[in-house]
Amino acid sequence: MLLGEVFDRFAAESPVSVMARAAFEHALPADAVDALFAEHAERQYTRELLFSQLVDLMGLVVCRVQPSLNAAIRKRAADLGVTRKAVYAKVARMEPGLGAALVRHTAARLGPVVAALGPTAAASVPGFRVRVVDGSHLPGTDHRLRPLRRTRAGALPGQAVVLFEPATGLVIDAIPCEDGHAQERSLTPAILGWAAPATVWVGDRNFCTTRLLAGTAGRGGCFVVRQHGLTLTELGTGERVARGRTGTGAVFEEAVRVSDGAGGEVAVRRVTVVLDAPTRDGDREIRVLTNLPAAVPATRVAELYRGRWSVEAAFGELAAALHGEVAGLGYPRAALFAFAVALCAYNVLAVIKASIRAAHGAAAEPGVSGYHVANEVAGASRGLLIAIPAAEWAVFARVSAAGMAKVLIALGRQVRVAEFVTSPRGPKKPRTRRESAAGTGHVATARLLKAQKS
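Take any residue in the sequence shown, count from 1 to its spot, add 6: that is its number in the numbering used here.
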């Protein structure tokens, strides 16, 4: 292999951790990260502490190699050359646009690697690039900041609207927002920047607004979005026609004209799925609006919207496998920076899964658990960083996408897939109703177990 005997031993015992470290170095080499800062920073500047050092510190936290930013700073104290207070101050003022640029850069570097690993999921609509748009509100943080100490309300540090590509499994862009109470619709101008010809975005009803639909159509883009009951003005509807079935219900289609908010109108199709079983919210119909060409059948539109849950699965894996929502980071900019680095780490996990697919066949990847992969990376990374100095990993920054794919496939063949498969859960059981503990406050577990036996 590239780095000698020690590298080969780690590759044999923990190939996943070697894959992760190599992919991180390929996606985020220090010089490229610092160049990104120089290009996108508006007010911040560099004196002694480099942007690449901050990304490295936060990467240790989000990958669970270190339990907190404080622990990561202590571990890297000799290399930082600045005080802990200076690091925290820099992170607290981190411009949100820098995190978004980091996500875009990671996706741009890893996208060709995923393509070189072999066939990915086929495009859902021939001739169109499919994207999924969704928002993620960061959970409440600790009440360490002075303005938060006198309130019991949850302290929301912000949110982000994420652009996900199902074909590659990568998060390709994000729009950070420091206002945790803001609606996704307030970010419409930025979201419209993603609209382009031959591109279709898929979103839930929070994104069904006149400005967003009309703006997307005006830029030559397409949308597949669930209809909101209050945000659009219908100007007329056509005849409702049956169009077959999907796996969840019967599909119907009708032509609809909606206002564009400026005296004009937008012609769309409304695809209605009459569900065989109601959703958990009790809905028996799903109504989806689209301006895709008529050549794209209504059943395909319904399946496109159903595939929107791929981004929900990504958020779930992000929360379970990585530590991107750090409760100790109360400043909105610090929390958003951590989330952006976590999105980059999620992209690395996606590449590892694609490598396992290329090495073991398409049937292996869906069963691979991001949680187990991240847990292996966190456990082995400390020893890996000690055994192989950081400077020696720079070789992976210079490798081409095709060369990187070959390295990852070779490492992927050494992965024992059985160690990383998900544990399928059984059917959900109804919750047992708990008795009141008034007057007792606690119980002895041994006595309850003894009573159960008798």
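The beta carbon of each residue, even a glycine, is placed where N, CA and C say it ideally should be.
| Check | Outcome |
| --- | --- |
| In the DSSP assignment, the alpha helix (DSSP H) including T194 goes from what residue to what residue? | T194 to L198 |
| Look up T165 in the DSSP assignment and say whether it is helix, strand or coil. | Reading the sequence as shown, one finds Gln at residue 165 and not Thr. Q165: strand per DSSP, three-state reduction. |
| Extract the residue ranges of the beta strand (DSSP E) inside the segment 94 to 126, only unbroken runs of 3 or more that lie entirely within it. | none |
| Looking at the secondary structure, which residues open and close the alpha helix (DSSP H) in which C350 lies? | P338 to H366 |
| Considering just the uninterrupted stretch of the beta strand (DSSP E) at D140, what are its terminal residues? | R135 to H143 |
| Straight-line CA distance for M7 to C350? | Any reading at M7 is ruled out, since the residue's pLDDT is 45, under 50, leaving its predicted position unreliable. |
| Would you give the residue range spanned by the alpha helix (DSSP H) that D37 belongs to? | A36 to H46 |
| Less than 7 angstroms between C-beta atoms, sequence neighbours within five positions excluded: which residues of the same chain meet that for A17? | M7, V24, L417 and Q420 |
| Beta-carbon separation of L151 and G373 under 8 angstroms? | no |
| Measuring alpha carbon to alpha carbon, tell me which of D287, A283 and R293 ends up nearest H234. | R293 |
| Are the segment 215 to 233 and the segment 243 to 252 touching by the rule of at least three beta carbon pairs closer than 8 angstroms? | no |
| Just verifying my parser: in three-state terms, what is the DSSP assignment at M7? | Residue confidence is low: M7 scores 45 on pLDDT, short of 50, so the model does not pin down where it sits. No coordinate-derived value is stated. |
| DSSP on I394, reduced to helix/strand/coil? | coil |
| Between the Cα of G186 and the Cα atoms of H143, F426 and A36, which residue gives the shortest distance? | H143 |
| What are the boundary residues of the alpha helix (DSSP H) that V67 is part of? | F57 to V68 |
| Could you check whether A261 and G244 sit closer than 8 angstroms to each other, using their CB atoms as the reference points? | yes |
| From which residue to which residue does the alpha helix (DSSP H) around R440 run? | It is not in any alpha helix (DSSP H) - R440 carries neither H nor E in the DSSP assignment. |
| Relative to the alpha-carbon of A114, which residue among I178, S74 and V257 has its alpha-carbon at the smallest distance? | I178 |
| Can you tell me the Cα-Cα spacing of R156 and R339, whole angstroms? | 22 angstroms |
| Over what stretch of residues does the alpha helix (DSSP H) that includes P21 continue unbroken? | P21 to A33 |
| Can you give the beta carbon distance from A511 to V423, rounded, assuming they're within the 8 angstroms contact cut? | There is simply no residue 511 to check, as the chain begins at 7 and stops at 460 in what is shown. |
| Count the other C-beta atoms from every protein chain shown that fall within 10 angstroms of the C-beta of A44, then say buried if there are 16 or more, exposed otherwise. | exposed |
| For I181, tell me which candidate among R225, R158 and R191 has the shortest Cα-Cα distance. | R191 |
| Residues in the same chain with beta-carbon distance under 6 angstroms from V277, minus the five sequence neighbours each way, listed in chain order, please. | E259, V294, A304, V307 and A308 |
| Kindly indicate the opening and closing residues of the beta strand (DSSP E) around R263. | G255 to S265 |
| DSSP three-state label for F402, please. | helix |
| Using DSSP bridges, identify the partner residues of P182. | A166 |
| To the nearest angstrom, how far is it from the Cα of L34 to the Cα of T254? | 42 angstroms |
| Is it right to say I79 is buried, meaning 16 or more other beta carbons lie within 10 angstroms of its own, or is it exposed? | buried |
| Determine the extent of the beta strand (DSSP E) in which R246 is found, giving its start and end residues. | R246 -> no beta strand (DSSP E), and no H or E assigned at all. |
| For F229, report the span of its beta strand (DSSP E) as first-last. | C228 to R232 |
| Given this structure, state the Cα-to-Cα distance separating E2 from A341, to the nearest angstrom. | In the structure displayed, the chain extends from 7 to 460; residue 2 sits before or after that span and is not available. |
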